[in-house]
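Chemist: One structure coming up, written as structure tokens, with questions to follow.
Chains as they are written, first to last, in the working numbering: chain A, 23 to 377; chain B, 242 to 733; chain C, 18 to 196.
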């Protein structure tokens with residue numbers, strides 16, 4: 023090797039593992055809130071997800087004869103498992119977590135060639151796989167029973183929930199979006215369906231039935247703003263996704279309030295906040311340019327709203343993200359920055375001597 | 242004045258405070274000076290002296306050679322002791338033709354021709370004197386200054402931009418020269434403006450140099466020279482960027498600043514121009530920043546061209562700790578050198594002794610497509626995509642993405658969290674493409690040779706065959722004649 | 018429901034098939050003299066290192082698909098890419114050596130001036146006469162190696178060309194450039 027090093031001889035103090043750690047830090051409040059809200063079963067699930075991702079990734083790296091330590095230490099596998107864990111129903115059985123995590127890191131990432139090579143967001147790919155394969159387990163929501171409250175499952179009980187799939191009496195519930203969908207099939211309109219199911223304050227705070235860490239809209243928003251402030255992500259994709267959901271919701275709600283939920287319901291339910299700030303900002307599977315990211319986010323939002331409103335599944339975030347992931351190369355092909363001294367098409371600017 | 246926005250750019254830690262507060266001091270005269278014949282862009286200068294010749298300070302010792310080149314003068318008085326290969330600050334480490342001069346310590350100047358009122362000179366005379374003085378762009382590009390003056394004048398330039406950006410971290414040589422020699426610089430700027438017949442004269446200085454701005458403003462009072470504070474950002478001091486921020490115009494791709502009626506010179510070049518015109522002194526020394534955490538006393542020095550880097554480091558009291566890398570120029574675009582016998586050349590703006598911590602480079606990891614490089618690129622390229630193409634040897638793919646528009650500023654490599662040597666990839670690709678181009682030209686010419694040879698051989702064969710046929714015909718004719726004669730005699 | 022699906026798919030098939038048929042008819046590419054075009058790209062030194070009779074033979078083989086785009090050693094990587102682009106195939110550059118540029122060089126001490134080398138040189142790059150030491154014109158030499166093969170005293174040999182300040186450029190960063 024040439025002993026002479028190429029410039030630059032200065033580098034910003036950044037690294038991939040630092041980025042991943044910052045994202046995990048931003049996820050921590052919402053996750054801790056989820057732990058508190060749903061108690062021990064949620065914690066079990068989170069631990070199982072992370073452990074199986076680490077072990078699974080190490081195993082696959084070994085099969086490929088690649089260095090295990092650097093690939094594990096970059097933190098991307100752990101973050102993927104973390105994102106998957108907090109999008110699972112909190113009382114889901116252990117094998118859901120293991121299967122999902124393994125699918126995410128092995129099929130979702132390593133099969134494509136490891137970090138940076140995958141086309142689809144691994145966490146969302148795993149979530150969709152689970153949702154399609156195990157619709158029952160993946161939609162078994164529970165009413166929140168915060169740690170310390172009378173109805174909260176104890177440690178032993180939680181192990182029974184997680185490992186023996188023994189549901190707790192009287193805790194089964196439906197998520198808001200699922201409930202609305204069911205009510206529609208019974209011919210019940212929104213004005214009736216939402217009663218007792220949606221209060222903006224609870225939704226903002228996160229005290230509702232839903233995935234482990236998806237419900238705390240406020241904490242997720244705070245985490246997202248933290249990431250924007252730390253320049254890990256930019257505002258383009260998140261804002262676009264929220265707009266993509268809110269704008270059609272606003273329009274259709276104005277047209278027919280009894281069948282189309284208002285923007286607030288949409289923004290504060292399901293996995294929207296998590297996806298907007300933590301999923302679609304995944305650098306690997308999103309476009310390169312600011313405009314591209316905006317379009318990407320807008321597409322994710324629109325598709326989410328469409329699937330929620332007219333699709334067969336109550337929640338459409340994961341599907342929307344995967345669909346837009348597949349459009350990322352196309353967006354990158356057509357949306358490129360203008361090069362200095364050239365117009366948008368790439369032809370050199372004209373020579374002109376006017377001052 | 243309204244400033245225009247730039248895209249991209251990075252904000253590396255300035256570290257200018259290390260060296261900015263000390264006055265420029267001259268380096269003691271070294272015993273030996275190693276004067277490179279390649280201190281400018283273009284053909285190397287050709288030596289005019291022999292071993293053993295006595296030369297005076299400022300005497301012409303090597304002449305410009307070809308259209309793009311620049312003459313070189315003796316930095317001090319003394320004796321020529323060697324002509325031959327010397328160390329170069331080139332990354333290849335390949336030798337360059339070098340004149341070795343042993344100084345006699347007397348510093349005897351050659352007779353110089355001062356001009357009392359330089360502003361009576363015609364633009365052509367100014368350019369000629371600048372050319373004779375061996376002045377090249379001192380910002381680092383080292384393009385022969387007189388050529389640029391002539392090109393600009395001939396293509397009708399309306400705006401002269403003086404680059405006082407100095408956006409490279411650590412470097413403060415332009416900062417110091419503006420603080421200490423503002424009056425001379427302003428005179429030099431006015432001379433350059435005369436030489437290119439420019440109406441507007443703008444001096445762009447980054448706002449992290451308030452003292453330099455104040456000094457220049459004071460010196461520029463009552464003149465047409467406008468001093469403008471620009472935001473501090475890398476690469477503000479790049480030609481394309483400074484033009485854009487001051488005028489709002491962009492140089493068309495593949496073109497020159499003159500295409501939009503602009504010419505850019507460095508402020509230190511203006512000082513050299515003033516010295517050459519007013520006092521007839523050729524360019525034989527320059528201001529060099531000595532800095533970096535491994536240097537004991539960071540400072541700015543005035544060093545003669547040809548001074549070995551080691552002497553500068555000794556002058557700055559040596560190292561505080563072993564330097565991880567010695568760099569000529571700034572950390573963003575400077576050149577890593579592996580030995581301190583490399584001499585100062587006209588384009589050497591700094592000598593940096595950097596610690597591993599300052600460099601902050603680690604092993605590269607996979608690209609996560611975070612597109613930080615896309616946001617940082619001041620040109621609007623997609624560094625991550627270009628590097629991916631080059632990695633799999635698809636150079637034409639990289640060209641289609643705009644490789645040839647890359648200014649190699651290093652912003653992408655600087656910000657990359659995966660520490661991928663992006664700009665290294667681009668320079669490799671540019672070099673490989675140039676080599677392919679050369680190979681193609683050679684192939685075309687050798688092909689012609691091969692065709693000519695094939696034709697020649699065919700012609701020889703043809704000629705031979707014809708000659709043989711002729712001989713055969715002649716023989717046959719002869720035989721026939723003989724036979725006929727024989728028959729005739731028989732009949733008879 | 019079923020019927021409409023069947024009908025729409027059938028219609029789709031018919032329309033697309035029609036489009037393809039029309040495209041095949043109107044966008045037809047005239048059979049181009051591919052071999053001649055390929056020969057244009059080849060070095061034309063007729064050195065025979067590919068094993069085919071001259072560059073024309075190699076071009077024929079390339080056009081008919083019996084030779085791979087990596088057949089020509091003097092052409093180097095650039096030629097492989099040019100041929101691959103012309104033929105619309107993926108260039109497998111792994112087999113192509115990052116060839117160091119080579120040139121023939123005469124060791125003057127042992128040259129006997131036999132003239133064999135300059136008789137075989139396809140580009141007239143060797144100058145000399147009987148009983149005189151031969152010289153190689155670097156600009157004209159394609160490093161085909163024919164001279165090396167015929168030299169009776171091994172005085173003419175291909176030597177790597179040392180890089181100059183003009184020809185040197187940065188190496189390609191290794192997969193994980195560690196500093």
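Every residue, glycine too, gets a C-beta built ideally from N, C-alpha and C.
1. Work out the CA separation of residue 273(B) and residue 318(B) for me, nearest whole Å.
2. Going straight from the alpha carbon of residue 506(B) to that of residue 326(A), what length do you get?
3. Going along the chain, which residues of its own chain have a beta-carbon closer than 6 Å to the beta-carbon of residue 279(B), five neighbours each way excluded?
4. Is the CB of residue 333(B) under 7 Å away from at least one CB in chain C?
5. Between residue 170(A) and residue 630(B), what straight-line distance do the alpha-carbon atoms span, to the nearest angstrom?
6. Identify, in the order they occur along the chain, each residue of the same chain with its Cβ nearer than 7 Å to the Cβ of residue 196(C), setting aside the five sequence neighbours on each side.
7. For a contact meaning CB atoms closer than 9 Å, what does residue 270(B) contact in chain A?
8. Count the CB pairs spanning the segment 122–133 of chain A and the segment 102–113 of chain A that are closer than 8 Å, and state whether there are at least three.
9. State the CB to CB distance for the pair residue 670(B) and residue 639(B), rounded to an integer number of angstroms; the pair is presumed to be in contact (CB under 8 Å).
10. Report the partner residues of residue 285(B) according to the DSSP bridge assignment.
11. Exposed or buried, which one is residue 425(B) when buried takes at least 16 other CB atoms within 10 Å?
12. For residue 27(C), which residues in chain B fall below 7 Å Cβ to Cβ?
13. Tell me, which residues are paired with residue 532(B) by DSSP?
14. Chain C partners of residue 390(B), CB-CB under 9 Å?
15. Mind pulling the chain B residues with CB within less than 8 Å of residue 157(C)?
16. Who are the Cβ neighbours of residue 307(B) in its own chain at under 6 Å, not counting the five residues just before and after it?
17. Using DSSP's beta-bridge definition, name the partner residues of residue 319(B).
18. Using CA coordinates, which residue listed in 596(B), 598(B), 642(B) and 637(B) is at the minimum distance from residue 615(B)?
19. Taking buried to mean at least 16 other C-beta atoms within 10 Å of its own C-beta, is residue 471(B) buried or exposed?
20. Please return the same chain residues whose Cβ sits closer than 8 Å to the Cβ of residue 151(C), not counting the five positions on each side in sequence.
21. Counting only Cβ pairs nearer than 9 Å, list the residues of chain A close to residue 665(B).
22. From residue 303(A) to residue 612(B), what does the alpha carbon distance come to, in whole angstroms?
23. Kindly list, in the order they appear in chain A, the residues whose Cβ is closer than 7 Å to that of residue 492(B).
24. Taking a cut of 9 Å between CB atoms, which residues from the segment 594–608 of chain B lie near chain A?
25. With 7 Å as the threshold, decide whether the Cβ of residue 212(B) is near any Cβ in chain A.
26. Helix, strand or coil: how does DSSP classify residue 321(A) here?
27. Tell me which residue opens and which closes the beta strand (DSSP E) that residue 57(A) is part of.
28. Which residues in the same chain as residue 289(B) place their Cβ atom closer than 8 Å to its Cβ, once the five residues preceding and following it in sequence are excluded?
29. Indicate the three-state DSSP secondary structure (helix, strand or coil) for residue 25(C) in the structure shown.
30. Tell me the residue span of the alpha helix (DSSP H) that contains residue 202(A).
31. Hey, would you say residue 566(B) sits closer than 7 Å to residue 31(A), going by beta carbons?
32. Distance check for residue 689(B) and residue 358(B), CA to CA, integer angstroms please.
33. Taking C-beta pairs closer than 9 Å, name the residues in chain B that residue 37(A) reaches, listed in chain order.
34. What three-state label does DSSP hand residue 277(B) in the structure shown?
35. Given that residue 181(C) touches chain B, what residues does it touch there, using C-beta distances under 8 Å?
36. Answer yes or no: do residue 545(B) and residue 531(B) have a C-beta to C-beta separation smaller than 7 Å?
Modeler: Put simply:
1. Going by C-alpha positions, residue 318(B) is about 11 Å away from residue 273(B).
2. When only Cα atoms are considered, residue 506(B) and residue 326(A) end up about 55 Å apart.
3. Taken in chain order, the residues that qualify are 285 and 337.
4. It does; some Cβ of chain C falls within 7 Å.
5. Between residue 170(A) and residue 630(B), the C-alpha separation is close to 57 Å.
6. Because residue 196(C) carries a pLDDT of 36, less than 50, the predicted location of this residue cannot be relied on, and no value is offered for it.
7. Listed along chain A, no residue sits closer than 9 Å to residue 270(B) by beta-carbon distance, the nearest being about 30 Å off.
8. Between the segment 122–133 of chain A and the segment 102–113 of chain A there are three or more inter-stretch CB-CB distances shorter than 8 Å, so the stretches are counted as touching.
9. At roughly 5 Å, the Cβ-Cβ gap stays under 8 Å, so residue 670(B) and residue 639(B) are in contact.
10. The secondary-structure analysis by DSSP pairs residue 285(B) with nothing; it has no beta-bridge partner.
11. Classification for residue 425(B): buried.
12. Neighbours of residue 27(C) across chain B, judged by C-beta separation under 7 Å, do not exist; the nearest C-beta is about 41 Å away.
13. Residue 532(B) pairs with 593(B).
14. Those within 9 Å of residue 390(B) in chain C number zero; the least Cβ separation is about 26 Å.
15. Near residue 157(C) (Cβ distances below 8 Å), the residues of chain B are 686, 687 and 690.
16. For residue 307(B), the CB contacts under 6 Å within the same chain, skipping 5 residues up- and downstream, are 284 in chain order.
17. Per DSSP, the beta bridge partners of residue 319(B) are 296(B) and 344(B).
18. Checking every option, the nearest Cα to that of residue 615(B) belongs to 642(B).
19. Buried: at least 16 other Cβ atoms inside 10 Å.
20. Non-local C-beta neighbours of residue 151(C) in its own chain, meaning closer than 8 Å and more than five positions away in sequence, comprise 123, 128, 130, 132, 134, 135, 143, 144, 145 and 173, ordered along the chain.
21. Within chain A, the residues near residue 665(B) are 27, 28 and 29.
22. Taking the straight line from one Cα to the other gives about 11 Å.
23. Chain A residues near residue 492(B): 363.
24. Contacts with chain A (Cβ-Cβ distance below 9 Å) from the segment 594–608 of chain B involve 595, 599, 600, 601, 602, 603, 604, 606, 607 and 608, listed in chain order.
25. Any answer about residue 212(B) is impossible in this case: the structure gives chain B only from 242 up to 733.
26. Residue 321(A): helix per DSSP, three-state reduction.
27. Taken as a continuous stretch (DSSP letters only), residue 57(A) belongs to no beta strand (DSSP E), being part of the alpha helix (DSSP H) at 38–60.
28. Closer than 8 Å at the Cβ level, and outside the excluded window around residue 289(B), lie 301, 302, 303 and 304.
29. Residue 25(C) carries a helical assignment under DSSP once its states are collapsed to helix, strand and coil.
30. Run containing residue 202(A): 198–207, per the alpha helix (DSSP H) assignment.
31. Closer than 7 Å, so yes.
32. In this structure, the straight-line span from the alpha carbon of residue 358(B) to that of residue 689(B) is close to 59 Å.
33. Near residue 37(A) (Cβ distances below 9 Å), the residues of chain B are 603, 606, 658, 659 and 660.
34. DSSP places residue 277(B) in strand when its eight states are reduced to three.
35. Residues of chain B passing the Cβ test: 335.
36. It is not a contact, given that the beta carbons lie outside the stated cut-off.
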